[in-house]
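In what follows, a structure is listed as structure tokens, so that the remarks can point back to it.
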Amino acid sequence: MRVEVNPNICEGHGQCNAVAPEIYDLDEGGYCLINNPEVPADAESQAEQGALACPVQAITVTR
Ligand code: SF4
479 MRVEVNPNIC
489 EGHGQCNAVA
499 PEIYDLDEGG
509 YCLINNPEVP
519 ADAESQAEQG
529 ALACPVQAIT
539 VTR
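Take the sequence shown: its position 42, counted from the start at 1, is 520 in my numbering, and no numbers get skipped.
Okay, structure coming up:
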């Protein structure tokens, strides 16, 4: 599974990081930063929950 954030959509709400801090880091401005877009199998559900938590749907999950 892969996760991607669209920086043009992300508004820095930080919800992704609140739900799944291991997947979604935040930069100094509070915007989502994905250090490793390849999500390990045991973190997939966390990554999905984090993507769903984004109020502006900035995160894309692909399988
Ligand atoms: S929840 Fe959405 S808008 Fe907020 S930091 Fe994460 S990706 Fe960006």
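For glycine and all other residues, C-beta sits at the position ideal for the given N, C-alpha and C.
(request) Please name the residue, chosen from Met479, Val539, Cys488, Gln535, that lies closest to Leu511 on a Cα-to-Cα basis. (result) On the sequence shown, residue 511 is found 33 positions in, with the first residue counted as 1. Closest by alpha carbon: Cys488.
(message) Any heavy atom of the ligand SF4 closer than 6 Å to the beta-carbon of Gly507?
(response) Here residue 507 is taken as the residue at index 29 of the sequence shown, counted from 1. Incorrect: Gly507 has no Cβ contact closer than 6 Å to the ligand SF4.
(message) I need the DSSP call for Asp503, collapsed to helix, strand or coil.
(response) Locating residue 503 in the sequence shown gives position 25, counting from the first residue. Strand.
(request) Keeping to the same chain, check which residues put their C-beta closer than 7 Å to that of Asn513; ignore five residues upstream and five downstream. (result) Numbered from its first residue, the sequence shown carries residue 513 at position 35. Excluding sequence neighbours, Asn513 sits near Asp503.
(message) Given this structure, state the Cα-to-Cα distance separating Thr538 from Ala529, to the nearest angstrom.
(response) Along the sequence shown, one-based indexing puts residue 538 at 60. Along the sequence shown, one-based indexing puts residue 529 at 51. The straight-line gap from Cα to Cα measures roughly 7 Å.
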